[in-house]
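Q:
Number of protein chains: 4
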Amino acid sequence: MSEVKLIVLNGGSSSGKSGIVRCLQAVLAEPWLAFGVDSFVDALPAAMQASDAGIDFGPDGEVVVGPVFRQLEAAWTNGIVAMARGGANIIVDDVFLGGASSQRRWQDALGNLEVLWVGVRCSAEVAAGRELARGDRSVGMAALQADVVHEGVKYDVEVDSTHAEAIDCARTIAQYVS
Amino acid sequence: MSEVKLIVLNGGSSSGKSGIVRCLQAVLAEPWLAFGVDSFVDALPAAMQASDAGIDFGPDGEVVVGPVFRQLEAAWTNGIVAMARGGANIIVDDVFLGGASSQRRWQDALGNLEVLWVGVRCSAEVAAGRELARGDRSVGMAALQADVVHEGVKYDVEVDSTHAEAIDCARTIAQYVS
Amino acid sequence: MSEVKLIVLNGGSSSGKSGIVRCLQAVLAEPWLAFGVDSFVDALPAAMQASDAGIDFGPDGEVVVGPVFRQLEAAWTNGIVAMARGGANIIVDDVFLGGASSQRRWQDALGNLEVLWVGVRCSAEVAAGRELARGDRSVGMAALQADVVHEGVKYDVEVDSTHAEAIDCARTIAQYVS
Amino acid sequence: MSEVKLIVLNGGSSSGKSGIVRCLQAVLAEPWLAFGVDSFVDALPAAMQASDAGIDFGPDGEVVVGPVFRQLEAAWTNGIVAMARGGANIIVDDVFLGGASSQRRWQDALGNLEVLWVGVRCSAEVAAGRELARGDRSVGMAALQADVVHEGVKYDVEVDSTHAEAIDCARTIAQYVS
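Following this line, the structure appears as structure tokens:
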């Protein structure tokens, strides 16, 4: 494999992506910058964080994103790709609410940039328990997203955090990088 | 067992106490207030959070607490017990750096209040991995504290988060409450 | 004045209480523990943080607290007072949604404990602007609470953060302590 | 002025940049994404957040950044510019530790992109007080950075938060945007 400059992790809410990303940053020899859908949402105006045009979190864990969100997200995606082209190693964690079509959105922005696609699986039941343990997410998101985000998505490597620790998932992924 | 008003969880850093506490709050029928050594440290003046008289976190994960910390902690402990006596159900998570002597500190404050002592175990290796995944703790604390905090401590129930989810640990503990 | 062991600050949302508390902790010679209504709400089960029995934040900034909240809050208040009786210096920041009746709730718990009552004023307009600048509060709370929380409340000292910095308010208050 | 796509705010630590940014997002008609040096540092591996090669915060508030930090920062800067070129409106808050040379770093990345340069001033004394009130920054940073970050920097508009609220500073800046 030629040199990977961008690692994209996809998985449902509370599947353990953030922990795996931090472990990856710790085990990889070079420095990698970590961004993700959470940091993108934090960058939005507060008013868009609960609106039809932006992103809305329903009472049962459903997430609806609007046209303005999609437009800004496209620009953000291009920017992340530009960082990788500019010489930084980048890890992104995302939630492919649209499955294969979400992956295509990234692919369209990538050009010939070398990417490692990583699927982070976690059983709906275990993810729901971890959602409760975190206490800072709408209850229901984890179960709703556990399977749908992987539909039709192609990966270079998949990890399953249901029974594996974040650090072990990170070590598995790291083998595909250097 | 007569009615438990106070649950005290003891375990090392990154053993999963906070997640278990949040799950306990979710599975127990009545409302329980959750406090812990972290919220106590947050209540200290910022200057005491890195001082010989207060609490100091060393570069390799060691934690040193001074005389003023101990004095304020004793008053805090009494206050927590008073909340339980005043009718609130309370869950406390603590790190018994002094093992049995830390437990005695609580026992001296309890009088005849009914307490459930819970030990939260996690192997040093797995706790160290989770410490890395959290990214907000001094690296080394988890391994240093994993065993020493349990030395000589007596429990009503013990859970081990090495291979069990927080929600499952919480369900085990909840059986001892009602 | 005999020795103050408890300082109670009352003011509306975004009136600057937390910043004044941190400055007080920095300028007072002895160590003071800081608690407040925010740390109390954090101690509640997540499910009670948006419920009729607990506390509910409406879309326009209104706050409604239910009977279970009040019951737990009473136990918490007694615990805070017990910490002060036990020898710790305590600063509490609260939002007296019920004005004079909220103050009476504290007074009933105090017995003969020496307290310094501090009013933290801030014009509704300026508080609303700071609420926007924080970005983490329901928009509208600041303006709704700015005046009502002071109705009928008696203070030993009042500060106004509309045009004064937190550190200056803290210095004013500190003169009443030692 | 042609259409501004990027607003760059420069000011010392605790000068009030973040609050002004959130107010700007609220008062500007279109949605603007907000990024900054803080979100960049959050993206770094934890190990680089206290290292000679990364960024190091000294005991008296001094900040030292190393060669790897600079390299990743350059890639990040290019990515932010790419987001603006890709159609997103972007607000960035930065701390020009190198004064004019830090501004040049941005200028080199901008090409012909239309930028609004904003200076956020705050007296060293007031910024130091606010640093104490925040409680989450190394004490001393605010005073050390208050003046040096503006040395030789050219602005389109300057605001001074010493006596002005964040929302008023934001309204002043907003006049230069549309």
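Chains as they are written, first to last, in the numbering used here: chain A, 376 to 553; chain B, 376 to 553; chain C, 376 to 553; chain D, 376 to 553.
Built from N, CA and C at the ideal position, the CB exists for glycine as well.
1) If we define contact as Cβ-Cβ less than 9 angstroms, is C:A517 a contact residue for chain A?
2) Mind checking whether C:V412 and C:G429 have CB atoms under 9 angstroms apart?
3) Could you give the DSSP three-state label for A:N453: helix, strand or coil?
4) Are the CB atoms of C:S509 and D:G394 nearer to each other than 9 angstroms?
5) Between which two residues does the beta strand (DSSP E) holding D:F556 run?
6) Closer than 9 angstroms, Cβ to any Cβ of chain B: which residues of the segment 414–434 of chain C, in chain order?
7) CB D:G391 to CB D:D522, shorter than 9 angstroms?
8) According to the Cβ coordinates, are B:E489 and B:V402 closer than 9 angstroms?
9) Alpha carbons only, please: which of B:P406, B:Q400, B:D417 is nearest the one belonging to C:P406?
10) Determine the direct distance from the alpha carbon of B:G473 to that of D:P434, and round the result to whole angstroms.
11) Hey, quick one: how far does the alpha helix (DSSP H) through B:R480 stretch, first residue to last?
12) Under DSSP, the alpha helix (DSSP H) around C:D531 begins and ends at which residues?
13) For chain C, check one thing: does any of its Cβ atoms lie closer than 9 angstroms to the Cβ of A:G510?
14) Who does C:G494 pair with in a DSSP beta bridge?
15) Looking at D:L507: is its Cβ nearer than 9 angstroms to the Cβ of C:I542?
16) Kindly identify the DSSP beta-bridge partner or partners of C:L408.
17) I'd like to know whether the C-beta of D:E587 is nearer than 9 angstroms to at least one C-beta of chain C.
18) If we ignore side chains and look at the alpha-carbon of each, how far apart do B:G441 and B:D427 end up?
19) To the nearest angstrom, how far is it from the Cα of C:S414 to the Cα of B:G454?
20) Select from the segment 519–547 of chain C all residues with a C-beta closer than 7 angstroms to any C-beta belonging to chain D, and list them in chain order.
21) Relative to the C-alpha of A:A459, which residue among D:D468, D:R460, D:Q446, D:V438 is closest?
22) Got a sec? Which residues, its chain only, sit under 8 angstroms from D:A422 by beta carbon, not counting five neighbours each side?
23) When the Cα atoms are used, what is the spatial distance from C:W451 to C:G461?
24) According to DSSP, simplified to helix, strand and coil, what is C:F432?
25) Candidates A:A404, A:G436, A:F432, A:N464: which alpha carbon is nearest A:L381's?
26) Here's the rule I'm using: 16 or more other beta-carbon atoms within 10 Å means buried, otherwise exposed. How should B:N385 be labelled?
27) Starting from the beta carbon of D:V443, find every residue of chain A whose beta carbon is closer than 8 angstroms, and list them in chain order.
28) Mind listing the chain D neighbours of C:E401? Cutoff is C-beta to C-beta under 8 angstroms, in chain order.
29) Quick check: what's the CA-CA separation for C:S536 versus C:S477?
30) Which term fits C:D469, buried or exposed, when burial requires 16 or more other beta carbons within 10 angstroms of its beta carbon?
31) Could you check how far apart the C-beta atoms of C:A502 and C:A518 are, in whole angstroms? I think they sit under 8 angstroms.
32) Can you find a C-beta in chain D that's less than 9 angstroms from the C-beta of A:W451?
33) Could you give the distance in angstroms between the alpha-carbon of A:M376 and the alpha-carbon of A:L408?
34) Indicate whether A:Y551 and A:V532 have their beta-carbon atoms separated by less than 9 angstroms.
35) To the nearest angstrom, how far is it from the Cα of A:S498 to the Cα of D:D431?
36) Using a beta-carbon distance below 9 angstroms, is D:V439 in contact with chain C?
A: Let me lay it out:
1) Not closer than 9 angstroms to any Cβ of chain A, the Cβ of C:A517 fails to qualify, so no.
2) No.
3) When DSSP states are grouped into helix, strand and coil, A:N453 belongs to the helix group.
4) Note that residue 509 of chain C is Arg in the sequence shown here, rather than Ser. With respect to D:G394, C:R509 sits close: the two C-beta atoms are nearer than 9 angstroms.
5) Outside the modelled stretch of chain D, which goes from 376 to 553, sits residue 556 of chain D, for which no answer is possible.
6) Answer in chain order: S414, F415, D417, A418, L419, P420, A421, A422, M423, A428, G429.
7) It is not a contact, given that the beta carbons lie outside the stated cut-off.
8) Not closer than 9 angstroms, so no.
9) That would be B:D417, whose Cα lies nearest to the Cα of C:P406.
10) Approximately 30 angstroms between the Cα atoms of the pair.
11) Under the DSSP assignment, B:R480 falls in the alpha helix (DSSP H) whose first and last residues are 475–485.
12) Counting along the chain, C:D531 falls outside any alpha helix (DSSP H), and DSSP gives it neither H nor E.
13) Taking CB atoms only, A:G510 has a neighbour in chain C less than 9 angstroms away.
14) C:N385, C:E533, per the DSSP bridge assignment.
15) Less than 9 angstroms divides the Cβ of D:L507 from the Cβ of C:I542.
16) According to DSSP, C:L408 shares a beta bridge with C:I465.
17) Beyond the ends of chain D as shown, which are 376 and 553, falls residue 587 of chain D; an answer cannot be given.
18) One Cα belongs to B:G441, the other to B:D427, and the distance between them is close to 6 angstroms.
19) Rounded to the nearest whole angstrom, the C-alpha separation of C:S414 and B:G454 is 15 angstroms.
20) Listed by position along the chain: E540, A541, I542.
21) Of D:D468, D:R460, D:Q446, D:V438, the residue nearest in Cα terms is D:Q446.
22) So the qualifying residues of the chain are G429.
23) One C-alpha to the other measures close to 15 angstroms.
24) Strand.
25) Looking from the CA of A:L381, the closest CA among A:A404, A:G436, A:F432, A:N464 belongs to A:N464.
26) Under this definition B:N385 is a buried residue.
27) P406, listed in chain order.
28) In the sequence under discussion, the amino acid at residue 401 of chain C is Ala, which differs from the Glu named in the question. The CB of C:A401 comes closer than 8 angstroms to the CB of L507 in chain D, given here in chain order.
29) When rounded, the separation of the alpha-carbon atoms in C:S536 and C:S477 is 22 angstroms.
30) Around the beta carbon of C:D469, 16 or more other beta carbons lie within 10 angstroms, which makes this residue buried.
31) Contact flag correct, Cβ pair sits at about 7 angstroms.
32) For A:W451, the answer is yes, since a Cβ of chain D falls inside 9 angstroms of its Cβ.
33) Low confidence applies to A:M376: its pLDDT is 47, below 50, so where it sits in the model is not reliable, and the reading given next is rough at best. A:M376 and A:L408: Cα-Cα distance of roughly 21 angstroms.
34) Cβ atoms of A:Y551 and A:V532: closer than 9 angstroms.
35) About 40 angstroms.
36) No, its Cβ sits nowhere closer than 9 angstroms to a Cβ of chain C.
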